[in-house]
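Protein chains in written order, with my numbering: chain A, 1 to 112; chain B, 113 to 227.
Here is the structure:
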């Protein structure tokens with residue numbers, strides 16, 4: 001158990017809909033990262049938050065947004081969903097500044 | 113930006129033999145190189161990491177080597193066991209500003225241990 005909690009584990013939704021994925025980082029970790037993993041693909045960095053502020057952005061679509069709340073949990077919002085958004089979405093947390101990153105178990109999103 | 117190349121994409125070895133996975137990175141500013149193991153249906157699990165001030169690190173049957181001059185690092189698994197079968201990812205950390213880092217991952221190696 002990495003200490004990073006993601007909910008829900010599975011999500012099935014229709015095209016055009018909006019979903020919210022939730023991540024609770026390890027106790028004491030200030031940084032939260034979101035990654036997307038498509039079928040048989042590597043891990044694509046989406047966005048990083050550090051202590052409530054956006055710090056780094058990757059290949060995140062404009063239809064996607066994220067935020068980190070004062071209690072340090074984070075949410076990834078995916079809107080106007082397309083079939084191609086079906087993937088595993090992982091959250092990771094670290095202490096920040098080059099510390100080890102630990103991943104949650106992921107949310108498997110299926111868009112039908 | 114940082115680019116990480118990982119080889120091979122698939123690797124099959126006999127139980128008890130050694131497995132080696134290699135990665136190269138492009139940004140000389142990278143200082144942290146973790147390796148993750150991902151089993152089916154699970155999230156990536158950190159198994160070992162190395163920082164740029166160290167050339168080699170060992171943890172039981174797993175070792176990682178780093179050549180900063182050549183910008184490549186490798187994962188070595190000795191005396192492989194069936195439970196080592198998984199997808200392995202290397203990564204390079206790019207520290208953007210204080211408190212902001214980005215882990216760039218290789219494409220993964222699917223390791224199969226044959227009994």
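Virtual Cβ for every residue (Gly too), placed ideally from N, Cα, C.
Predicted model only: the values in this text are computed from it and were never measured.
For the pair of segments examined, the region 16-28 of chain A was found not to touch the region 177-192 of chain B: the number of CB pairs separated by less than 8 Å stays below three. DSSP places residue 109 of chain A in the strand class (E or B) of the three-state scheme. As the crow flies, the alpha-carbon of residue 190 of chain B is around 49 Å from that of residue 16 of chain A.
At the C-beta level, residue 160 of chain B and residue 194 of chain B stay beyond 7 Å of one another. When C-beta distances to chain B are compared with 9 Å, the residues of the region 39-53 of chain A below that value are 40, 41, 42, 43, 44, 45, 48, 50, 51, 53, in chain order. The beta-carbon separation of residue 184 of chain B and residue 135 of chain B, rounded to 6 Å, stays under the 8 Å limit for a contact.
Residue 132 of chain B has its alpha-carbon roughly 27 Å from the corresponding atom of residue 213 of chain B.
Contact annotation: residue 148 of chain B and residue 156 of chain B have beta-carbon atoms nearer than 7 Å.
In this structure, the CA atom of residue 4 of chain A is about 10 Å from the CA atom of residue 94 of chain A. Residue 216 of chain B reaches chain A at 45, counting residues in chain order whose Cβ is nearer than 8 Å. Residues of the region 152-163 of chain B with a C-beta atom less than 9 Å from some C-beta of chain A are 153, 154, 155, 156, 157, 158, 161, 163, listed in chain order.
Put simply, of B:171, B:129, B:115, B:114 the residue whose alpha carbon is nearest the alpha carbon of residue 223 of chain B is B:129. Each of B:162, B:198, B:125, B:216 was checked against the Cα of residue 205 of chain B, and the nearest Cα belongs to B:216.
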